[in-house]
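Below is one structure, written out as C-alpha cells; the observations come after it.
In mature numbering (1 follows the signal peptide of the UniProt record, and there is no 0), the protein residues as written are -22 to -1, 1 to 267.
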C-alpha cells in the first residue's frame, strides 16, 4: 500500500513539472533582451539623401548624367546607368567608369577632360548644388571605405575629394583636396596658397604619398577642423592605421570657398575609349558640426 501511494505521488510530480514547462510559460526579461541584442538593426552604409551620383552618360546636352537618391534607393537606374553603378549582394556598390567624353562640365574630346562615376555631397540633404559648407566654421569629416578592383591605362583614379564652389565674388571652383589611388599607393594632392590675386588651382598644389594599400579594402578619412586639413588611413590587410595627421591650414592661408565632399571613381585617363577602372564602395560616413 505504501508503495502504491509513493508511485502515485511520483507520477503527479512528473505530470505537474511537465505542464509547468509548456510554451505558455512567460519569457523572462533577460531572455527577451538577449534576443533583441542578437538581432540588432542594420545601419545603412550610405545616407543617400546626402548625395547624388554622376555617371559618364549623355543626359541629352553632352554633359554627364546626374542620378538623384530616389532613383538609387528605389533601384530605378536605366540599363545603361546600371553598367556603371550597381549594388552587390554584400551591400557594397560597384562604381565602374571609362572615358566616354561625357563629363560633368560638358562633352570632351580625347585628351581633354576626365570621366567619372562619383558621388557628390549635399551635406544637409537638400538636393541642390547650393548645399555646401564652409571651412571657416565647424568640423567636417568624410570617412569612405572602398577597394580599388582595377585601374587600366596609367593606373590612377581619384577616390575622394573636397571640392570648392565658385560663389559671387569668389573666382574658381578648385578641386582643393584630391585623394588618389596610384597603382596601389594612396596619394594626397592638395592646393596651397596661390600667388597674390590668383585663384586656388593645381598650379599651386603639393603632393604626399601616404601608403600602399594595393587592392585591399581601406578607409580614408578627411577632417577639416578649425580651418585645417587632417587625414587618416586604415587598411587592416596591410596593417596600416594612421591617426588624423595635420596637412595644411586652409583658412589661415586665406581660403574662403564653400565646399562639398566627393567619393567614388574619378578615372585619370582620357587617351582612348577602351581603358576602364572599377572601385567597390562599402561605406560612406559624413559628420558636420
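Cβ coordinates follow ideal geometry from the N, Cα and C atoms, glycine included.
Sub-8 Å separation of residue i and residue j beta-carbons
{"i": "residue 76", "j": "residue 198", "result": "no"}
{"i": "residue 72", "j": "residue 258", "result": "yes"}
{"i": "residue 119", "j": "residue 136", "result": "no"}
{"i": "residue 238", "j": "residue 113", "result": "no"}
{"i": "residue 252", "j": "residue 110", "result": "no"}
{"i": "residue 150", "j": "residue 179", "result": "yes"}
{"i": "residue 148", "j": "residue 191", "result": "no"}
{"i": "residue 63", "j": "residue 34", "result": "no"}
{"i": "residue 168", "j": "residue 229", "result": "no"}
{"i": "residue 74", "j": "residue 61", "result": "yes"}
{"i": "residue 127", "j": "residue 193", "result": "yes"}
{"i": "residue 129", "j": "residue 255", "result": "yes"}
{"i": "residue 227", "j": "residue 210", "result": "no"}
{"i": "residue 93", "j": "residue 78", "result": "yes"}
{"i": "residue 166", "j": "residue 186", "result": "yes"}
Beta strand (DSSP E) segment containing residue i, residue limits
{"i": "residue 92", "result": "Unbroken run through residue 92: none, as it is neither H nor E."}
{"i": "residue 142", "result": "134 to 143"}
{"i": "residue 243", "result": "236 to 245"}
{"i": "residue 109", "result": "First-last for residue 109: undefined, no H or E at that position."}
{"i": "residue 259", "result": "254 to 266"}
{"i": "residue 156", "result": "155 to 160"}
{"i": "residue 76", "result": "71 to 76"}
{"i": "residue 182", "result": "Looking at the DSSP string, residue 182 is not in any beta strand (DSSP E), and its letter there is neither H nor E."}
{"i": "residue 167", "result": "163 to 169"}
{"i": "residue 64", "result": "63 to 65"}
Which residues DSSP lists as bridging residue i, in chain order
{"i": "residue 206", "result": "203 and 227"}
{"i": "residue 114", "result": "Beta-bridge pairing links residue 114 to no other residue."}
{"i": "residue 219", "result": "212"}
{"i": "residue 98", "result": "30 and 240"}
Limits of the alpha helix (DSSP H) - the one that residue i falls within
{"i": "residue 50", "result": "47 to 51"}
Same chain, Cβ closer than 6 Å to residue i, neighbours up to 5 away in sequence not counted
{"i": "residue 96", "result": "32, 240, 242 and 244"}
{"i": "residue 4", "result": "In this prediction, residue 4 has a pLDDT of 37, which is less than 50 and means its spatial position is unreliable; nothing more can be read from the coordinates."}
{"i": "residue 123", "result": "197, 260 and 261"}
{"i": "residue 249", "result": "none"}
{"i": "residue 45", "result": "31"}
{"i": "residue 268", "result": "Any property of residue 268 remains undetermined from this structure, which presents the chain solely from -22 to 267."}
{"i": "residue -21", "result": "Below a pLDDT of 50, predicted positions are generally treated as unreliable, and residue -21, at 44, falls in that range; no measurement from the model is reported."}
{"i": "residue 162", "result": "190 and 192"}
{"i": "residue -13", "result": "In this prediction, residue -13 has a pLDDT of 44, which is less than 50 and means its spatial position is unreliable; nothing more can be read from the coordinates."}
Same chain only: Cβ atoms within 7 Å of residue i, ignoring 5 sequence neighbours per side
{"i": "residue 50", "result": "26 and 31"}
{"i": "residue 28", "result": "99, 100, 101, 103 and 264"}
{"i": "residue 6", "result": "Unreliable placement is indicated for residue 6, whose pLDDT of 33 sits below 50; the coordinate value is still reported in the next sentence. Cβ neighbours of residue 6 beyond the five flanking positions: none."}
{"i": "residue 17", "result": "Only weak support exists for where residue 17 lies, its pLDDT of 40 falling under 50; the value from the coordinates is given anyway. Nothing listed; no residue qualifies."}
{"i": "residue 1", "result": "Since pLDDT at residue 1 reaches only 37, below the 50 mark, its modelled position is unreliable, and the value read off the structure follows with that caveat. Cβ neighbours of residue 1 beyond the five flanking positions: none."}
{"i": "residue 140", "result": "154, 155, 200, 237 and 239"}
{"i": "residue 144", "result": "150 and 151"}
{"i": "residue 184", "result": "168 and 170"}
{"i": "residue 121", "result": "197, 199 and 263"}
{"i": "residue 20", "result": "Because residue 20 carries a pLDDT of 48, less than 50, the predicted location of this residue cannot be relied on, and the following value inherits that uncertainty. So the list is empty, once near-sequence residues are dropped."}
{"i": "residue 160", "result": "133 and 134"}
Are three or more beta carbon pairs between the region 80 to 87 and the region 199 to 216 nearer than 8 Å?
no
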